[in-house]
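First residue of the sequence shown? That's 25 in my numbering, and the numbers climb one at a time after it.
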Amino acid sequence: MTKRQLLILGALLLLVLLGGGAWLYFQNDTPSTEPAVATAEVIPADEWFTLGNRNARVTLIEYAAPSCPHCAHFDVTTFPILKRKYIDTGKIFYVFRVYLIDPLADSKAEKVARCLPPEHYFDFIDMLYRRQDEWGPEQMGEAGAAVEPKTDMGLLKMARFAGMDADKAQACMTSTALDGQINRINADAETRYNVHSTPTLIANGQTLARIPQNEEDLAAALDPLLQGK
């Protein structure tokens with residue numbers, strides 16, 4: 025075999041090897057049929073009612089209602105642990121959003137809370153939880169008429185405790201300026217996360233199967249996410 029023939033044969037073998045490598049490469053690059061992992065929602069910078077480190081590894085969104093007894097229980101018993109161990113230490117970024125379980129009472133309560141300076145918002149929500157029996161929701165008779173219309177009077181009382189005068193509180197409760205934003209939050213909760221009850225907790229885009237009741241529950245739900253599992 026001549027030198028020229030050897031060169032031609034070598035070139036052909038090289039082409040075969042390169043072709044086989046390319047075939048393997050593109051086989052390995054075939055899109056996976058595995059379902060995509062849900063990613064955490066990007067929280068807008070102008071979303072007010074947040075706590076903790078915005079750059080934390082875990083973002084935890086709570087959908088809650090001021091009139092919800094289960095939300096009040098979580099706020100009183102579990103949230104202090106969550107704040108001390110995970111929020112204040114910079115481990116998670118916490119986002120609070122109101123989901124209207126009682127559209128009338130919860131909407132009025134949220135409007136009054138938003139009329140306060142932002143730094144007092146969470147304190148006011150905490151007070152609403154701890155004193156739910158003083159403000160509502162209204163008790164309705166069989167015909168749908170309020171037999172004990174205490175929501176407005178109770179919220180006026182809560183607002184006074186927070187340092188807001190009655191006229192301003194009343195104006196906040198009856199204002200429609202925030203209705204569109206509040207309703208959008210509720211619609212987004214339902215379409216994005218299938219929220220229909222409170223409290224609902226979303227950790228890095230995934231709904232927690234159960235609401236943590238104690239420190240051990242919090243660790244079981246959040247620590248794997250903090251460790252990248």
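Beta carbons: idealized from backbone N, C-alpha and C, even for Gly.
If we ignore side chains and look at the alpha-carbon of each, how far apart do residue i and residue j end up?
i	j	result
R155	R216	31 Å
G160	L180	12 Å
D212	K174	30 Å
G178	P93	16 Å
N210	D70	18 Å
Y110	A190	37 Å
R78	I116	8 Å
T113	G76	8 Å
D176	P90	14 Å
L128	C196	13 Å
T198	K132	7 Å
R208	D126	16 Å
Is it buried or exposed for residue i, if we count other Cβ within 10 angstroms and need 16 for buried?
i	result
A193	buried
T101	exposed
V136	buried
P14	In this structure the chain extends from 25 to 253, so residue 14 is not present and cannot be described.
E134	buried
P236	buried
A244	exposed
D99	buried
For residue i, tell me which candidate among the options has the shortest Cα-Cα distance.
i	options	result
V122	L249, I105, W72	W72
A186	D176, R208, I149, T200	I149
Y153	L249, D130, D203, P248	D130
D147	T74, K115, F117	T74
Does residue i get closer than 8 Å to chain E when you measure Cβ to Cβ?
i	result
G160	Looking for chain E here will not work: only one protein chain is present.
Under the DSSP definition of a beta bridge, which residues are partnered with residue i?
i	result
Q230	A227
A88	V122
T113	Beta-bridge pairing links T113 to no other residue.
G76	F117
T8	Nothing can be reported for residue 8: it is not among the residues displayed for the chain, which extend from 25 to 253.
Any 3 or more C-beta pairs closer than 8 Å across the region 83 to 96 and the region 222 to 232 = yes
Is the region 102 to 113 close to the region 132 to 140, with three or more CB pairs under 8 Å?
-> no
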